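The structure appears below as structure tokens.
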Amino acid sequence: MKAEPLLRVTNIGKSFIERRGLFRKEAVRALEQISFTLEPGETLALVGEAGSGKSTLAKILAGVVAASEGEIRVDGQLIAPDDYEQRCKQIRMIFQDPNSSLNPRLRIGRILEAPLMLNTAMTPEERAHQVQETLRMVGLLAEHALFYPQMISSGQKQRVALARALIMNPRIIVADETFSMLDLSVRSQIINLLLKLQQELGIAYVIVANDLGLVRHISDKVIVMHQGKLVESGETQQVFAAPQHEVTKRLIQSYGHEYRR
-1 MKAEPLLRVT NIGKSFIERR GLFRKEAVRA LEQISFTLEP GETLALVGEA GSGKSTLAKI
59 LAGVVAASEG EIRVDGQLIA PDDYEQRCKQ IRMIFQDPNS SLNPRLRIGR ILEAPLMLNT
119 AMTPEERAHQ VQETLRMVGL LAEHALFYPQ MISSGQKQRV ALARALIMNP RIIVADETFS
179 MLDLSVRSQI INLLLKLQQE LGIAYVIVAN DLGLVRHISD KVIVMHQGKL VESGETQQVF
239 AAPQHEVTKR LIQSYGHEYR R
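Be aware that the sequence shown starts at -1, since it is given in our numbering, and climbs by one per residue.
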């Protein structure tokens, strides 16, 4: 019998209710029954034009947005929509802008400790040790736990955001446009760190990205989305070498001919 994949997403869909005038409401379809699988240590990239639904899908995976239908399983175990504790342990998210996702009024140590306080039975000493070890894992010092976010650089903030995602030892990390606001040198450092951690820990990544050069460099699989639908998927190199859907061809063409080589 074939083993269950690490992540199995089946027919995930999403509808939003929008108000049309004073008395009328209308359901707007944001995602149309997306299905895919992901294995340990793999990276899946979600790409598409603005409004394609890729960020909505990423937020559903991380539990930030509730799906309207479908199911998510990790190692064959169903992750219920309201089972935040289980999801928090298995799937974590890195948001696009650490300046808005890190509370400036809390020390970094408190920011990292919060998921442990809510979802584990660790003692204060165990939590402090986990915070320090995770900071070191992402290339920061244990002393950074005493800092406030505004006291560190943008690259260090992104490392703190990564540390917050890692603090629960998740199997899967979802990154929503995590690299777009970083300068090239810092982005390269963060990407290399992610790849190193993936190799050491076997973490699977789901990344939302518009930079197809980056997608080609770090992802094993790619899903191309358009107006809430999955229009093409497969191994990244194969999809880029021989795109089948017009949307994929258009995306590759817009990023230059080098991606087709």
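The beta-carbon is built from N, C-alpha and C at its ideal position, and this holds for glycine as well.
Quick caveat, the model's predicted, so the values are computed rather than measured.
Reduced DSSP secondary structure (H/G/I, E/B, other) of Glu233: strand
Alpha carbon to alpha carbon, what distance is there between Val237 and Asn167? 32 angstroms
Any idea what DSSP makes of Ser33, helix, strand or coil? strand
I want to know whether the stretch 79 to 88 touches the stretch 139 to 157 - three or more CB-CB distances under 8 angstroms. no
In chain order, which alpha helix (DSSP H) runs of at least 4 residues are fully inside the stretch 201 to 228? 210 to 216
Validate contact between the stretch 53 to 68 and the stretch 18 to 35 using beta carbons, cut 8 angstroms, 3 pairs: yes
Three or more beta-carbon pairs under 8 angstroms between the stretch 196 to 210 and the stretch 162 to 180, yes or no? yes
In three-state DSSP terms, what is Asn117? helix
How long is the line joining the alpha carbons of Glu233 and Gly46, rounded to whole angstroms? 16 angstroms
Can you have a look at Thr121 and say buried or exposed, based on whether 16 or more other CB atoms are within 10 angstroms of its CB? exposed
Does Ile15 pass the burial test, meaning 16 or more other C-beta atoms within 10 Å, or should it be called exposed? exposed
Sort out for me which residues DSSP pairs Ala43 with in a bridge. Ile205, Val220
Straight-line CA distance for Ile32 to Cys86? 22 angstroms
Gly107 and Ala161: beta carbons closer than 7 angstroms? no
Mind checking who Met91 pairs with in its DSSP beta bridge? Val172
Got a sec, what are the start and stop residues for the beta strand (DSSP E) Asn9 sits in? 5 to 18
Buried or exposed: where does Pro241 fall if 16 or more other Cβ atoms within 10 Å of its Cβ makes it buried? buried
With a 10 Å radius around its C-beta and 16 neighbouring C-beta atoms as the bar for buried, classify Met115 as buried or exposed. exposed
Tell me the rounded alpha-carbon separation between Leu164 and Arg17. 39 angstroms
What number of angstroms, rounded off, separates the C-alpha of Lys52 from the C-alpha of Asn101? 26 angstroms
Hey, Ile188 and Thr41 are a contact pair by Cβ (cut 8 angstroms); roughly how many whole angstroms apart? With 8 angstroms as the limit, Ile188 and Thr41 do not qualify as a contact, their Cβ atoms being about 14 angstroms apart.
Restricting to runs no shorter than 4 residues, where is the alpha helix (DSSP H) found entirely within the stretch 139 to 188? 152 to 164
In whole angstroms, give me the CA-to-CA distance for Lys12 and Glu141. 43 angstroms
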